[in-house]
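Residue numbering for the sequence shown follows the working numbering, beginning at 118 and increasing consecutively.
Using N, Cα and C, we set each Cβ at its ideal position, and we do this for glycine too.
Everything below concerns the one structure shown next.
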Amino acid sequence: MAFTFTLVRKVRPVIILNSQLILDSVPPIIFICPLSSQSQKEFSNLHYELSPRDNLRVKSYALIEHCRSISLNRIVYPRIGQLSKSELDNILNRLQRLVGL
Numbered sequence: 118m119a120f121t122f123t124l125v126r127k128v129r130p131v132i133i134l135n136s137q138l139i140l141d142s143v144p145p146i147i148f149i150c151p152l153s154s155q156s157q158k159e160f161s162n163l164h165y166e167l168s169p170r171d172n173l174r175v176k177s178y179a180l181i182e183h184c185r186s187i188s189l190n191r192i193v194y195p196r197i198g199q200l201s202k203s204e205l206d207n208i209l210n211r212l213q214r215l216v217g218l
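Okay, here's the thing in structure tokens:
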């Protein structure tokens with residue numbers, strides 16, 4: 118799923134990577150992968166390109182090296198798009214590669 122969240126007074130798109138089990142737990146912390154409309158060639162093995170869809174208006178890149186936890190309270194609704202299983206698998210594969218799994 119792609120949502121947006123507020124960071125330093127700006128709204129940024131993110132992918133939520135938590136399972137529903139964790140989303141239903143307390144405290145309300147979620148693990149996200151931020152999106153950007155820009156990528157650098159040297160990060161091509163980590164960044165994952167997403168085509169525009171739904172309310173994601175421009176080609177975007179999942180920035181795997183910037184994944185982090187944030188408070189669920191920072192999420193701004195509604196959802197801006199939906200990832201396919203294949204896209205999510207590719208993002209998780211890159212995350213595993215980053216941490217050496």
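Query: If you draw a straight line from the C-alpha of HIS164 to the C-alpha of ILE147, how long is it?; Result: 20 Å
Query: Going by other Cβ atoms of all chains shown within 10 Å of its Cβ, with 16 needed for buried, is PRO151 buried or exposed?; Result: buried
Query: Between ASP171 and GLN199, which are expected to be in contact by the criterion C-beta below 8 Å, what is the C-beta distance as a whole number of angstroms?; Result: 7 Å
Query: With DSSP as the reference, identify every bridge partner of PHE160, one or two as the case may be.; Result: According to DSSP, which records beta bridges pairwise, PHE160 is partnered with nothing at all.
Query: Hey, LEU189 and PRO130 are a contact pair by Cβ (cut 8 Å); roughly how many whole angstroms apart?; Result: About 16 Å; that fails the 8 Å criterion.
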